[in-house]
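Undergrad:
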Amino acid sequence: MAPWVFSSGAFVMGIILGSFLTVCIHRLPRGQSVVTPRSACPDCGHGIHWFDNIPLVSFIILRGRCRNCRQPIPYRYPLIELINGVGYVLLLRHFGWGWPVVLYGMFFSALLAVTWIDWDFQIIPDVITIPGTVLGLVASTLILPVGFWNALIGIVVGGGILYLLAWMSPFVFGKEGLGGGDIKLLAMVGAFLGWQPALLTLFLASILEAGVGLSLMGLKVLARGQYMPFGPFLAVGAITSLLYSSHLIHWYLELI
Ligand SMILES: [Zn+2]
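According to the working numbering, the residues represented by the sequence shown are 345 to 600, in order.
This is the structure we're talking about:
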């Protein structure tokens, strides 16, 4: 079969699961079930029919408005679906078809949900990171090119280093910067990627957060000392590590 068939399949799969992700992102931090009830318009409460719930397509047909009350549907819904769809295509092109890409797809979607929830609510739900860590450990043992011990060390090193930083930060930085959610998130990254990419994730996330933080302060969007969630940066760092850790670690070792 032609490569575009696989890419299209990955994209469709990505936007369908992305649609489920939007439900998770909305309901998990509010402690609601992601299964029932079916989706409703947040403005008028009108139940959304299956034909108005087709990822991306319905948003375009409805021109971004609820069929019942015509209130705008937030752009984040099609955006999350689109990011998830494009993410799956990129993963498929990078890793090729097989079980690893299925697992990396789940890892990607979990990170996407975490990014959005942490940005909105400054929490990272345990219901994502704890089962995610277990899944990562099992997957690394059985399928991914990581292995049990590397994944286990990844969990301990990833979670441990953030635990230590969180414990130290009130003394060193005079403020509490890291939460328990960040600790469990980096443990999950360690479970999926192994300990070296987990450290690389933290390194990349720190640089990125500093860069974005300084830029936002420069633009006066963010006040000095204002809290910025770390989860989204860890997520971007983790995906970068997943795709390029061997290159980056190799490049770094050549430098020193
Ligand atoms: Zn409505």
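We put the CB at the ideal spot given by N, CA and C, even for glycine.
Residues bridged to proline 416 by DSSP?
TA: Arg409
Undergrad: Here's the rule I'm using: 16 or more other beta-carbon atoms within 10 Å means buried, otherwise exposed. How should histidine 591 be labelled?
TA: exposed
Undergrad: If we require 4 or more residues per run, which alpha helix (DSSP H) segments fall completely within the region 468 to 525?
TA: 470 to 486, 492 to 516
Undergrad: Excluding the five sequence neighbours on either side, which residues of its own chain have a C-beta within less than 7 Å of the C-beta of isoleucine 527, listed in chain order?
TA: Gly503, Leu506, Tyr507, Ala510
Undergrad: Assign phenylalanine 492 to buried or exposed, taking buried as 16 or more other Cβ atoms, counted over all protein chains shown, within 10 Å of its Cβ.
TA: exposed
Undergrad: Less than 8 Å between the CB of glycine 408 and some heavy atom of ligand 1, yes or no?
TA: Shortest gap from the CB of glycine 408 to any heavy atom of ligand 1: 8 Å or more.
Undergrad: I think leucine 544 touches isoleucine 593, with their Cβ atoms under 8 Å apart; what is that distance to the nearest whole Å?
TA: The Cβ separation is near 7 Å, so the contact holds.
Undergrad: For proline 535, I'd like the list of residues in its chain whose CB is within less than 7 Å of its CB, leaving aside the five on either flank, ordered along the chain.
TA: It is worth fixing the name first, because residue 535 is alanine in this sequence and not proline. These residues qualify, in order along the chain: Thr477, Gly480, Leu481, Ser484, Ala495, Gly498, Ile499.
Undergrad: Within 10 Å of its beta-carbon, does glycine 362 have 16 or more other beta-carbons around it, so buried, or fewer, so exposed?
TA: buried
Undergrad: Hey, how far is the Cα of proline 541 from the Cα of aspartate 387?
TA: 43 Å
Undergrad: Please confirm whether alanine 554 and glycine 581 have their CB atoms less than 9 Å apart.
TA: no
Undergrad: Could you spell out where the alpha helix (DSSP H) holding alanine 454 opens and where it closes?
TA: Segment 443 to 465, the alpha helix (DSSP H) holding alanine 454.
Undergrad: Could you round the C-beta distance between asparagine 428 and leucine 447 to whole angstroms and report it? I think they count as a contact, below 8 Å.
TA: Their Cβ separation, rounded to whole angstroms, is 15 Å, which puts asparagine 428 and leucine 447 out of contact at 8 Å.
Undergrad: Identify, in the order they occur along the chain, each residue of the same chain with its Cβ nearer than 8 Å to the Cβ of leucine 435, setting aside the five sequence neighbours on each side.
TA: By the criterion of a C-beta distance shorter than 8 Å, leucine 435 is surrounded in its chain by Ala354, Val445, Tyr448, Gly449, Phe452, once the five residues flanking it on both sides are discounted.
Undergrad: Do you know offhand how far phenylalanine 395's Cα is from glutamine 415's?
TA: 18 Å
Undergrad: In this structure, how does DSSP classify alanine 384 when only helix, strand and coil are distinguished?
TA: strand
Undergrad: Say the cut is 8 Å; is the CB of asparagine 412 nearer than that to a heavy atom of ligand 1?
TA: yes
Undergrad: Measure from the alpha carbon of isoleucine 404 to the alpha carbon of each residue in Phe350, Pro418, Cys413, then state which is nearest.
TA: Pro418
Undergrad: Closest to valine 401 by C-alpha separation, out of Pro422, Arg411, Gly358, would be which residue?
TA: Taking the Cα of valine 401 as reference, the smallest distance to any Cα among Pro422, Arg411, Gly358 is reached at Pro422.
Undergrad: Is tyrosine 432 buried or exposed, if buried means 16 or more other CB atoms sit within 10 Å of its CB?
TA: buried
Undergrad: Buried or exposed: where does alanine 567 fall if 16 or more other Cβ atoms within 10 Å of its Cβ makes it buried?
TA: So alanine 567 counts as exposed.
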